[in-house]
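Quick note: to get my numbering, add 1458 to the position in the sequence shown (first position is 1). Think of the CB as a built atom: it goes at the ideal place given N, C-alpha and C, for glycine as much as any other residue.
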Amino acid sequence: MRFLKSSIAARLIWALLCCSLILIILTSAILFYYEYSREIRLLDKRVHEIEESTVPALANSIWLADWEMVRLQAEGIQRMPAIHRVELEVDGREVLAIGGEAYDGASRHTFPLVHKYMGREIPLGSLALYADLNAVRRQLLGEISVELVIRLATILIISFILFFLFHRLAGRHLIALAKQLHGLDQKKLDTPLVLDKKAAVNGEMDELDQVVFSFNELRQNLQRTFVELQQANEELAGENLERSIIEETLGKNRAMLRNIIDTVPQAIFWKDRQGIYLGCNQVFAKAAGLDDPEQIAGKTDFDLPWPKEEAEAYRADDQKVVRLKESKWHVIEPLQQADGTRLWIDTTKVPLLDIEGNVHGVLGVYSDITERLRAEEEKAKLESQLRQAQKMEAIGTLAGGIAHDFNNILSIIFGYSELAMREKDPQKSMPHLEELQKGAARAKELVAQILAFSRKAEQKKQPLQVSLIIKETLKMLRASIPTTIEIKHDIDSDGRVLADPSQMHQLLMNLCTNAYYAMRETGGILAVSLKEVRIAQGEYAYANLTPGNYLQLEVSDTGCGIDPKTLEKIFEPYFTTKKAGDGTGMGLAMVHGIVKSHHGHITVYSEPGKGTSFHVYLPLTEQEAATLPDTTEPKELRGTGERILFVDDEEQIRGVVETILTTNGYQVATFANGVQALEEFQKNPARFNLVITDMTMPYMTGAELAQKILALKPQIPIILCTGQSELINREKALAMGICEYLNKPVPMATLLGAARKALDNTGLPRNYPA
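Now the structure itself:
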């Protein structure tokens, strides 16, 4: 029974029976409906025939009072199929009733009985018929039931036959196939599947043969697959072992890489294209105020404790690296750490590229260079002090010659002033006064050269005509070294180099003073030459000189020369052959440093007893030299009554300047110091049109006085005069609002021109009420 319930054949039979039963019932219902409808139509047809033929005949029999015929006709109607009862009424009373009793479900049909007599219709009564529809239905159901039973029996017999045939042809083979498959395992894959049936003839296989054939092929494929799987499992086991070893190695490498990037002193970070941090090392995390570098993931610079403007600058740098696909090397920028400490960092950012060369992020590294910058700043200060010391050393070396030249100039001034004082005729004293003025101008020029060389100045490279530096330096040297040393020069170039003027002065002075020192006892020739040369590819390669045009400065002497052993050390700091107190040993070391800082090269050739020659190579530049400011003095130098406030602590200078200004149309009020001048100015700032002040004075400097006066009257022009001051220069003075900066001694024409120019350029009225 279990087999019958679970077998495919049983399920097919049950399905066939159910479907057949449903189909038979459905077709029987349709047939019943069709037959019932047909019987209803036949009944309607009979009723119509009765109305057309029998009713007139019956009315005629009643008119003739042939009641026997009436009865026979009524019985004929009642015997018709489906007519259950016939009732006849005449003159309002029932005269005849044939058939069974009427019931509610019967169909009733009534016909009037009318007789035509002499052209008119005479009503006689009515005929009523009752149709039995239940009888019709019972008859039809009986017929259909018999037919239904016959069909079901037929289907049942066919189903059993089909069940037997299916079980014989397929079911038992499927059961056998299932049994063999149920016991199938890896060990039995070599046993073929065989069914108890006839073999296929001429290769014509039925469905079961095809299943058996496919199964046997599947078995063989499975057998091969199992072998391959076994081999693959063995390979996979080996790969898993290798993978575990690789993963272990990768884990160690990751740990080592993390340890390395956390150990390096530089901060390391990396971001995606949108500037979102992906990782960093411990140094960067500490600067960002994070306990763990992993906490940086997902943050941006705006989430870190950087100031907003610095975060925006970092983002702009990142976007530029991503957009241009170019690295940014050694960018010096500020950084504020989480603890508020301000650092200076040296940052390098490079684009991170994928396999296809597309940028997918930015890698950054920065170093804290705060201490290095401080050290470099301190080093620069020390170098500046050292250069200044070298200048003073050179001045000291030449001090005797300078003093000698000053004494000569003073002798000229005293001599001609005495001659002018003795002359009673002003016309005869004029030549002496002119020579007196020439001597003063010569003294001024010598002082200016000494100050230009000894002045402390910031290193600022600019297009510079070296020939002018040479001429100025040689003038000073000629005035300071003895005449036993002949100075020759051969300047064959007006070329320009990008250089610092002060350092060029120092370079030339150091070389020349060394030459002077080598010849000071025996005398000789100091030769300076300048020319343009071209350095070819590979020439001076050891000095890293690029090919191109250079200025060659040569300084040579005919002194004692230098032996080869000493020649190897002359550019070393603190190396000197001079006696104690004669030098520091930094002169040539400083020269070497200046040349290198200007991307040049220096060579030296010397033979003991014959002299020494230095060659300096500096790269030429095409840039134009800075233009000098317009110093054109106005043609009209006289004043028109303008009031000038003049301040100087030297009484004689006050007297001279007051005389010059008053004789040229100005009104002058003089004061000995800035305090007195400021008190007077505060009383009535509108009283004065111009202020002329010395720089170095007691109680208050000229710069301080200028600031206070400008605070009271910003439009007033101020001229600052100075002999020499470390506190101020022309650039600083002009930046303060001072309109003119003059170096003492100031010639009368220069003073009058500066005053006239200052007054003409101001927007104030020329005269104020006193």
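For Pro1763, there is no enclosing alpha helix (DSSP H), since its DSSP letter is neither H nor E. Residue nearest to Ile1803 within the set Gln1668, Asp1590 and Val1789 is Val1789 (criterion: CA-CA distance). Excluding the 5 residues flanking it on each side, Arg2112 has same chain C-beta neighbours closer than 6 Å at Asp2106 and Thr2128, in chain order. Rounded to whole angstroms, the gap between the alpha carbons of Thr2098 and Tyr2124 is 6 Å. Shortest Cα-Cα distance from Glu2162 to any of Gln1794, Ala2135, Ile1633 and Thr1683 involves Ala2135. Look at the beta carbons and you see the stretch 1542-1560 touching the stretch 1569-1589: at least three pairs across the two are nearer than 8 Å.
Restricting attention to Glu2082, Ser2014, Asp1750 and Arg1504, the CA atom closest to the CA of Arg1954 is found in Glu2082.
Apart from the 5 residues on each side of it in sequence, Ala1957 sits with its Cβ closer than 8 Å to the Cβ of Lys1919, Gln1920, Leu1922, Val1924, His2056 and Leu2076 in its chain, given in chain order. Bounds of the alpha helix (DSSP H) holding Cys1970 are Pro1959 to Met1977.
Annotated three-state conformation of Gly1737 is strand, per DSSP. About 27 Å separates the Cβ atoms of Gly1996 and Thr2070, ruling out a contact at the 8 Å cut-off. In the DSSP assignment, Phe1727 falls within the unbroken beta strand (DSSP E) covering Ala1725 to Asp1730. When rounded, the separation of the alpha-carbon atoms in Gly1815 and Val1780 is 12 Å.
When the five nearest sequence neighbours on each side are left out, the beta carbons in the same chain lying within less than 6 Å of the beta carbon of Tyr2063 are those of Ser2071, in order along the chain. Sorting Ile1602, Leu1811 and Glu2026 by C-alpha distance to the C-alpha of Tyr1491 places Ile1602 at the top. Leu2003 carries a coil assignment under DSSP once its states are collapsed to helix, strand and coil. The C-alpha of Leu1484 is placed about 44 Å away from the C-alpha of Phe1671. With respect to the 8 Å criterion, Gln2165 and His2073 are not classified as neighbours on the basis of their beta carbons. In this model, Leu1470 and Glu1605 are separated by some 24 Å (Cα to Cα). The three-state secondary structure of Arg1954, taken from DSSP, is strand. Rounded to the nearest angstrom, the gap between the Cα atoms of Glu2189 and Pro2172 is 19 Å.
In the DSSP assignment, Thr1568 falls within the unbroken beta strand (DSSP E) covering Ser1565 to Tyr1575. In this structure, Asn2147 and Ile2196 do not form a Cβ contact; the two beta carbons are roughly 16 Å apart against a cut-off of 8 Å.
Contact between Lys1783 and Pro1809 holds, with the beta-carbon distance rounding to 5 Å and staying under 8 Å.
Shown here, Phe2029 sits in coil according to DSSP, grouped into three states, outside any helix or strand. The beta carbon of Ile1927 sits closer than 8 Å to the beta carbons of Pro1959, Met1962, His1963 and Leu1966 from its chain, once the five residues preceding and following it are set aside; these are given in chain order.
Cα atoms of Lys1729 and Gly1737: separation of roughly 7 Å, rounded to the nearest angstrom. Counting C-beta atoms within 10 angstroms of its own C-beta, Pro1723 has fewer than 16 neighbours from the protein chains shown and is therefore classed as exposed. Distance from the CA of Val2013 to the CA of Leu1984, rounded to the nearest whole angstrom, comes to 7 Å.
Taking a 10 Å sphere around the C-beta of Gln1531, we find 16 or more other C-beta atoms and assign the residue as buried. With respect to Ala1746, Pro1763 sits close: the two C-beta atoms are nearer than 8 Å. Buried is the label assigned to Gly2160, since at least 16 other Cβ atoms lie within 10 Å of its Cβ.
With 16 or more other Cβ atoms inside 10 Å of its own Cβ, Thr2151 counts as buried. Where Pro2077 is concerned, the enclosing beta strand (DSSP E) starts and stops at Gly2069 to Pro2077. A Cβ-Cβ contact shorter than 8 Å links Ile1945 with Leu1932.
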